[in-house]
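*Asks:* First, the structure itself, so that you have it in front of you.
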Amino acid sequence: MLRHYSFHRRPLHVSRTIPWKPRDEYKLTRPELHDRISRLLVLQRYDALNNLSFEFSDQLLNTVLRKLKLNPSACLEFFKLASKQQKFRPNLKSYCMIVHILSRARMYDQTRAYLNELVALCKNNYPAFVAWNELVRVYREFAFSPTVFDMILKVFAEQGMIKYALHVFDNMGKCGRLPSLRSCNSLLSNLVRNGESHTALLVYEQIDRFGIVPDVYTCSIMVRAYCKERRLSRAVDFVNEMENSGFELNIVTYNSLIDGYASLGDVEGAKSVLRLMSERGIKRNVVSCTLLMKAYCKQGNMEEAEEVLRGIKEEEPVVVDECAYGVLLDGYCKGGRMDDASRIHDEMLRIGLKMNTIICNSLINGYCKLGQVQEAEGVLKHMRSWKLKPDSYSYNTLMDGYCRKGQTSEALKLFAEMPQGGIHHTVVTYNTLLKGLCQASAFHDALHLWHLMLKRGLAPDEVSYCSLLDGFFKKEDLDGAINSVERYFNKGFY
1 MLRHYSFHRR PLHVSRTIPW KPRDEYKLTR PELHDRISRL LVLQRYDALN
51 NLSFEFSDQL LNTVLRKLKL NPSACLEFFK LASKQQKFRP NLKSYCMIVH
101 ILSRARMYDQ TRAYLNELVA LCKNNYPAFV AWNELVRVYR EFAFSPTVFD
151 MILKVFAEQG MIKYALHVFD NMGKCGRLPS LRSCNSLLSN LVRNGESHTA
201 LLVYEQIDRF GIVPDVYTCS IMVRAYCKER RLSRAVDFVN EMENSGFELN
251 IVTYNSLIDG YASLGDVEGA KSVLRLMSER GIKRNVVSCT LLMKAYCKQG
301 NMEEAEEVLR GIKEEEPVVV DECAYGVLLD GYCKGGRMDD ASRIHDEMLR
351 IGLKMNTIIC NSLINGYCKL GQVQEAEGVL KHMRSWKLKP DSYSYNTLMD
401 GYCRKGQTSE ALKLFAEMPQ GGIHHTVVTY NTLLKGLCQA SAFHDALHLW
451 HLMLKRGLAP DEVSYCSLLD GFFKKEDLDG AINSVERYFN KGFY
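Residue numbers (full-length UniProt numbering): 1 to 494.
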């Protein structure tokens, strides 16, 4: 009898299942991790990099940027990856490193983008001088081109950070780099725009000492600077010097000169520039004519100003525009000739020109000066039908008009209406109401408004304190007046 045996095959090799993780998950030393990341970046194996487990840190990012500083594409990819992390953001040094790396590779668009982010960091977290010092340190460490200094000069200037732009301008020569003409023009233009024309003249002297040759754009800026400083004769001499040096100045430069005379109401000076243009074969344009109108308006000679406008309409190929009409209309408004202003306004609409906020504000101001606040508010309401958005000047002017008539309740309604239209209250808004309420002996409302102003984080200025002080004196509240004076001097107003 055969017995039945069951045979079980046993595997030749038996192995236990061992939990496994890639070596890079938990065993790589820090230098090995840096090498692994760098190698994957160079090989453009970004999928493998995403699967690599590591945490970003300032030390990790900066080390990889150093290792790959001659490989800008790899550095850019890693910096982008770092910037996308939820719990990590590149620090100041990292930004300074990446902009140097990218500018050396002439990747200027990317460099400018990160320089703008670097400047945003300065606004929010770091003093700009710290950023400059770090840029210099990285420059010396990498021994790269100093191009980035010229680029950040332009960024600071364009963003209105004039103090820092001047600091870069003064110090970049120590790093072996002179500013480019383009950056110099940006700095000069923003200085003039920010009311620092005198500084612009000093900077231009330094540019000249550097041996940087100006262009036509530089000439136009400097003419504006001289005119802002009311140095008209020097502006004319400057134009002659530039032309004698071989520059072919354009109409923008001459219009800047006309504007200088127009701002002073010097009609003869403006006409002399127009004659000079004619002698040199430069045809006037609508801006030239508008500036001549501005000069006449400044003198109060509205008939001559309107005659210039009629001349523009007949002249070919000069085409009249809203700005020309706006100058004339504003002149009539400032002179209290609202019937004429209304006539010009109607003519504008009849020939197909569009209203704008500046023209509407001129009308509001003109009506308010005559105490015709209902007509002024009518303009404000019409702005909506013209698809125009009133601004803080529109409301402040109308509120002042109501306050002058003692109608503070109407002014307060406008105050409440402003935020509903997305218009922020300014210090001028509060000052207008403070003055109106104090003059109307509404001291309780004035104090409430004062505290509201402080609560909303707006710093009172000299006008604010004077209005409040006037209110306390009218109320015969000497203690309140003394406290107000103490706060006034503590704020540095003296």
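The C-beta atom is built at its ideal place from N, Cα and C for all residues, glycine as well. Just so you know, these numbers come straight off a predicted model, no measurement behind them.
(1) Would you report the Cα separation of S15 and Y108, rounded to the nearest angstrom?
(2) Return the Cβ separation of Y296 and V273 in integer angstroms, given the expectation that the two are a contact with Cβ distance under 8 Å.
(3) Give me the Cβ distance between residue 495 and L41, rounded to the nearest whole Å; I'm assuming they're in contact under 8 Å.
(4) Within 10 angstroms of its Cβ, does R384 collect 16 or more other Cβ (buried), or is it exposed?
(5) Mapping the DSSP letters down to three states, classify A235 as helix, strand or coil.
(6) Counting only the same chain and skipping the five closest in sequence on each side, list residues whose C-beta sits under 7 Å from that of E417.
(7) Could you check which residue in K163, V148, S197 has the C-alpha nearest to that of P179?
(8) If I'm right that V99 touches L118 with Cβ under 8 Å, what's the distance once you round it to whole angstroms?
(9) Under 8 Å, do E306 and L328 count as touching if we go by C-beta distance?
(10) Helix or strand or just coil, what does DSSP make of P460?
(11) Does DSSP put T357 in a helix, a strand or coil?
(12) Taking just the CA atoms, how far does L458 sit from G406?
(13) How big is the Cα-Cα spacing for N361 and Y393?
(14) Go to L202, then tell me how far its alpha helix (DSSP H) extends in each direction, as first and last residue.
(15) Taking the beta carbon of G281 as the centre, do at least 16 other beta carbons fall within 10 Å, making it buried, or is it exposed?
(16) Quick check on DSSP: helix, strand or coil for G401?
(17) Would a C-beta distance cut-off of 8 Å place L68 and S38 closer than the cut-off?
(18) Taking all protein chains shown into account, decide if N365 is buried (16 or more other Cβ within 10 angstroms of its Cβ) or exposed.
(19) For D109, name the three-state secondary structure that DSSP assigns.
(20) Is it buried or exposed for A200, if we count other Cβ within 10 angstroms and need 16 for buried?
(21) For a test of the three-state rule: what should DSSP assign to N194, helix, strand or coil?
(22) So does L201 have its beta carbon nearer than 7 Å to some heavy atom of the ligand FMN?
(23) Since F169 and L191 should fall inside the 8 Å C-beta cutoff, what is the C-beta to C-beta distance between them, to a whole number of angstroms?
(24) Tell me which residues share the same chain as Q299 and place their Cβ nearer than 8 Å to its Cβ, disregarding the 5 neighbours each side in the sequence.
(25) Taking the alpha helix (DSSP H) that P72 belongs to, which residues open and close that run?
(26) Taking Cβ to Cβ, would you say M242 is nearer than 8 Å to L249?
(27) Give the straight-line distance between the Cα atoms of S288 and L166, rounded to the nearest whole angstrom.
(28) Under 7 Å Cβ to Cβ from E377, same chain only, skipping five residues before and after it: list those, please.
(29) When the Cα of R350 is compared with those of V373, Y325, G336, which residue comes out closest?
(30) With three or more C-beta pairs closer than 8 Å as the rule, is the stretch 333-344 touching the stretch 310-323?
(31) What would DSSP say about Q372, mapped onto helix, strand or coil?
*Replies:* According to the structure shown:
(1) The predicted model places S15 with a pLDDT of 38, which falls under 50 and marks its position as unreliable, so this point remains unresolved.
(2) No, Y296 and V273 are not in contact; Cβ-Cβ is about 15 Å, not under 8 Å.
(3) Shown here, the chain extends from 1 to 494; a query on residue 495 therefore has no answer.
(4) exposed
(5) Here A235 sits in helix by DSSP.
(6) none
(7) V148
(8) 7 Å
(9) yes
(10) coil
(11) helix
(12) 25 Å
(13) 7 Å
(14) From DSSP, the alpha helix (DSSP H) with L202 extends over 197-210.
(15) exposed
(16) Secondary structure at G401: helix, using DSSP grouped into helix, strand and coil.
(17) yes
(18) buried
(19) helix
(20) buried
(21) In the structure shown, N194 sits in coil (DSSP, three-state: anything other than H, G, I, E or B).
(22) Of the ligands one can find in the structure shown there are none, so the ligand FMN has no counterpart to examine.
(23) In fact, because the Cβ distance is near 10 Å, the residues do not count as touching under 8 Å.
(24) G265, V267
(25) Per DSSP, the continuous alpha helix (DSSP H) segment holding P72 begins and ends at 72-83.
(26) yes
(27) 33 Å
(28) L398, listed in sequence order.
(29) The option with the nearest alpha carbon to R350 is Y325.
(30) no
(31) In this structure, Q372 counts as coil in the three-state DSSP scheme.
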